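Working notes for the structure below.
Protein chains in written order, with the numbering used here: chain R, 1448 to 1746; chain E, 1448 to 1746.
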């Protein structure tokens, strides 16, 4: 069976056709412009392939993933201009006349890592992306994390030492929440240059300290068996080791587990699927939608 | 069938015999002294009843709930004097020659609320206790929250405005973590008097603001369908309404759900089972251990 997958990001969309990392028949990336133009471009890409059984979408958010809700498949309160209250899933389902599965970009990436990557066999784990914004998802007890809505790791509150970092934060809703302090947009605004141009070690030490606070809070809340951290900001090679060290410092020996100490290199890890975790997970979302559509939904 | 239940707290143990809130045949409360004395007292209470099918324990922690671990059933790194590395579950199983189920006090309370109380029918919800310390647990996707270890809501880090609250915090591991700032011990140490003697509204406004930060972080991480907040500190009647109001303020309209706005009174709630949620949940832990022991463990 062949599926379509979309990683619908706030900056770019990645669309793929195939069934997994060893069977990616076609993949395309284009910038996120207006909803109408972007959705049409994705629909065009898939419309040329008559073999698809379903399409999976991992979308930036917040989104409505509540089955039966009148706004299921919509992006809801995003501050991204033009994208609030945008239907994605039904637009594509109607354009392509195919079943469409819909979840957050981070849940899709988590699903990809669970099927083929760094989270195979785990029941409870998280996937965090640190890019333009910060998002988080994962699985709890073997199923993707859904609840009242879906996880929004980026909007938790973390300590902000204004003596060390007087920067106010960039979140339009909460100012200095986790995303407001530690996202790519926050780094850019704080230091006045794009993250990829920043080499001062103070930049990355501060970033690591914020990321560690966010990760520690996720550990305290969910107790994941592993945390996968992806996203463009993590391309900075010094960052992941700094984050690991800081998490163990913050844990201070409280957690009776080697994963929060000497084994942390296997606990906080990069995605095994790299930047393709999201779009591959979207293919898996599509597969599950078809193979499980008559039984209890797994996602 | 009749079961034994223990809410094994750091201050007191509550032991009950029965099968639910309408069938509590015997219940006893005694102070937590030394492990040997406390465990023996519980064993004596149950030993007189020959009808028990199993005993369930909801324990203060951190504890080892990993099936197959050599220290399963132990309290691990607790700072409580004399109680670190204490076997509870096997001691009782051997003393009583009965199957014993073992989980955190907050997961037990969550289970009680799920069976008989404020969380009936929910798949993903949290139970938070605010007492001497702060603990949290719940269910994710229909099962109790387990992972690498178990949730430790109390040790997440939250913003601490030292200009408003110069108090250093009381957590021996992390100083001003959530528990270090907002537990009953923290309130007592900050204001110099036991919480039940404090009537100044500044006390409860500050407490509500900290609790709201902790709850918001749980909402961002897990997206629970409801949060049940119990524990002795919540007996202060002004507190829950203040917490609800502050959570909606912190959310700032970001979450597209009435539960984070006008419907918050049904979202952040007191335990329907009151202070018996823990011991009743422990009875349910015991029941599940017997009725599900040959199949996939539900807890």
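Yeah, the Cβ is synthetic: ideal placement off N, Cα and C, and Gly gets one too. Everything numeric in this text was worked out from a predicted model, so none of it was measured.
Cβ-Cβ separation, residue j to residue i (assumed contact under 8 Å), whole Å
i, j, result
"residue 1590 of chain R", "residue 1588 of chain E", "4 Å"
"residue 1720 of chain R", "residue 1601 of chain R", "The pair is not a contact, with the Cβ atoms about 21 Å apart (cut-off 8 Å)."
"residue 1594 of chain R", "residue 1671 of chain E", "5 Å"
"residue 1669 of chain E", "residue 1598 of chain R", "7 Å"
"residue 1711 of chain E", "residue 1691 of chain E", "5 Å"
"residue 1623 of chain R", "residue 1607 of chain R", "5 Å"
"residue 1511 of chain E", "residue 1524 of chain E", "Their Cβ separation, rounded to whole angstroms, is 10 Å, which puts residue 1511 of chain E and residue 1524 of chain E out of contact at 8 Å."
"residue 1455 of chain R", "residue 1492 of chain R", "Not quite, the Cβ-Cβ distance comes to about 13 Å (not below 8 Å), so this is no contact."
CB contact flag (residue i, residue j, <8 Å)
i, j, result
"residue 1733 of chain E", "residue 1452 of chain E", "yes"
"residue 1464 of chain R", "residue 1449 of chain R", "yes"
"residue 1667 of chain R", "residue 1586 of chain E", "no"
"residue 1468 of chain R", "residue 1529 of chain R", "no"
"residue 1535 of chain R", "residue 1581 of chain R", "no"
"residue 1545 of chain R", "residue 1502 of chain R", "yes"
"residue 1675 of chain R", "residue 1617 of chain R", "no"
"residue 1559 of chain R", "residue 1736 of chain R", "no"
"residue 1460 of chain R", "residue 1489 of chain R", "yes"
"residue 1707 of chain E", "residue 1695 of chain E", "yes"
"residue 1651 of chain R", "residue 1689 of chain R", "yes"
"residue 1637 of chain E", "residue 1614 of chain E", "yes"
"residue 1673 of chain R", "residue 1620 of chain R", "no"
"residue 1718 of chain E", "residue 1494 of chain E", "no"
"residue 1583 of chain E", "residue 1527 of chain E", "no"
"residue 1612 of chain E", "residue 1645 of chain E", "no"
beta-carbon residue i near the ligand ATP non-hydrogen atom, thresh 7 Å
i, result
"residue 1448 of chain R", "The ligand ATP is not among the ligands present in this structure, which contains no ligands whatsoever."
Checklist line | Residues, ordered as in the chain, of the region 1592-1618 of chain R that lie near chain E by beta-carbon distance below 8 Å | finding: 1592, 1593, 1594, 1595, 1596, 1597, 1598, 1599, 1600, 1601, 1602, 1603, 1604, 1605, 1606, 1607
Margin query: Under 8 Å: do the region 1699-1713 of chain E and the region 1510-1520 of chain E share three or more Cβ pairs, one atom per stretch?
Written below: no
Check: Closer than 7 Å, Cβ to any Cβ of chain E: which residues of the region 1639-1671 of chain R, in chain order?
Finding: 1660, 1663, 1664, 1665, 1667, 1668, 1669, 1670, 1671
Check: In chain order, which continuous runs of the alpha helix (DSSP H) of length 4 or greater are located wholly inside the region 1491-1554 of chain R?
Finding: 1536-1543
Next item on the list: State whether the region 1547-1565 of chain E contacts the region 1721-1730 of chain E, with contact taken as three or more CB pairs (one from each stretch) at a distance under 8 Å.
Entry: yes
Item checked: contact_flag[the region 1676-1693 of chain E, the region 1563-1577 of chain E] where n(CB pairs < 8 Å) is 3 or more -> Yes, they touch.
Check: Can we say the region 1536-1548 of chain R touches the region 1566-1573 of chain R, given the rule of at least three CB pairs closer than 8 Å?
Finding: In short, these stretches do not touch, since the Cβ pair count stays below three.
Check: Touch check for the region 1655-1662 of chain E and the region 1619-1634 of chain E: three-plus C-beta pairs under 8 Å?
Finding: Touching, yes.
Item checked: Members of the region 1562-1578 of chain R that neighbour chain E once the beta carbon cut-off is set at 7 Å -> 1571
Check: Using a beta-carbon distance cut-off of less than 9 Å, what residues from the region 1695-1709 of chain R approach chain E?
Finding: So the list reads 1697, 1698, 1699, 1700, 1701, 1702, 1703, 1704, 1706, 1707, given in the order they occur along the chain.
Next item on the list: Below 8 Å between beta carbons is the criterion; list the residues of the region 1509-1536 of chain E that meet it against any residue of chain R, in chain order.
Entry: 1509, 1511, 1523, 1524
Note to self: Quick check on the DSSP output: what are the complete beta strand (DSSP E) runs of length 3 or more inside the region 1631-1680 of chain R, in order along the chain?
What the structure shows: 1674-1677
Next item on the list: Give, in chain order, every unbroken run of the alpha helix (DSSP H) that is at least 4 residues long and sits entirely within the region 1596-1633 of chain E.
Entry: 1625-1629
Next item on the list: Using a Cβ-Cβ cut-off of less than 7 Å, give me the residues of the region 1544-1555 of chain R that come near chain E, in sequence order.
Entry: none
Checklist line | Under 9 Å (Cβ pairs) to chain E, residues found in the region 1675-1689 of chain R | finding: none
Item checked: Ranges of the beta strand (DSSP E) found wholly within the region 1714-1739 of chain R, counting only runs of at least 3 -> none
Check: Which residues, taken in chain order from the region 1581-1592 of chain E, show a beta carbon closer than 9 Å to some beta carbon of chain R?
Finding: Answer set for the region 1581-1592 of chain E: 1583, 1586, 1587, 1588, 1589, 1590, 1591, 1592.
Item checked: chain E contacts made by the region 1618-1629 of chain R, where a contact means CB separation under 7 Å -> 1620, 1621
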